[in-house]
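In our numbering, the protein residues as written are 5 to 149.
Backbone N, C-alpha and C fix where the C-beta goes; we use that ideal spot for every residue, glycine too.
Note that the structure is a prediction, hence the values are computed from the model and not measured.
Worksheet: the structure to be examined is printed underneath.
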């Protein structure tokens, strides 16, 4: 689902604590590769959602994996139904952005907002990470743009 409101994003004066990490395209594949290198104990600490060319992992701030190009997402108290980039803030009131995006997503919440790629990812259906499912997703997305 695309993020369509014309919103300008600027540096957030105080970063949000990370609750999720996301990647799109090759970045998502790198994130999957990094997650697959984690121990089973570490995988058990995360939940996630994936779609064609996009991967979002949710977990404790200190446990989230890093891969080049990922975006870390956190919750702004003014828009609790959205997971927004930790280091970016919208130029509109977060509550207004939340209302517009939740309406567009037909009430599916929470929503991961990925402004650079234009993705809006419902993460309410996040499930515990299965190594096998993550490997299958990675294999099925190797040729994705």
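Item: Those runs of the alpha helix (DSSP H) which lie wholly inside the region 52 to 122 and span at least 4 residues; Value: 98 to 108
Item: Coarse secondary structure for residue 24, derived from DSSP in three states; Value: strand
Item: Bounding residues of the alpha helix (DSSP H) (the contiguous stretch that carries residue 13); Value: No alpha helix (DSSP H) contains residue 13, which is instead part of the beta strand (DSSP E) from 13 to 15.
Item: Segment contact, 8 Å Cβ cut-off, at least three pairs: the region 45 to 63 with the region 110 to 126; Value: yes
Item: Enclosing alpha helix (DSSP H) for residue 147 [first to last residue]; Value: First-last for residue 147: undefined, no H or E at that position.
Item: Those residues which DSSP pairs with residue 124 across a bridge; Value: 117
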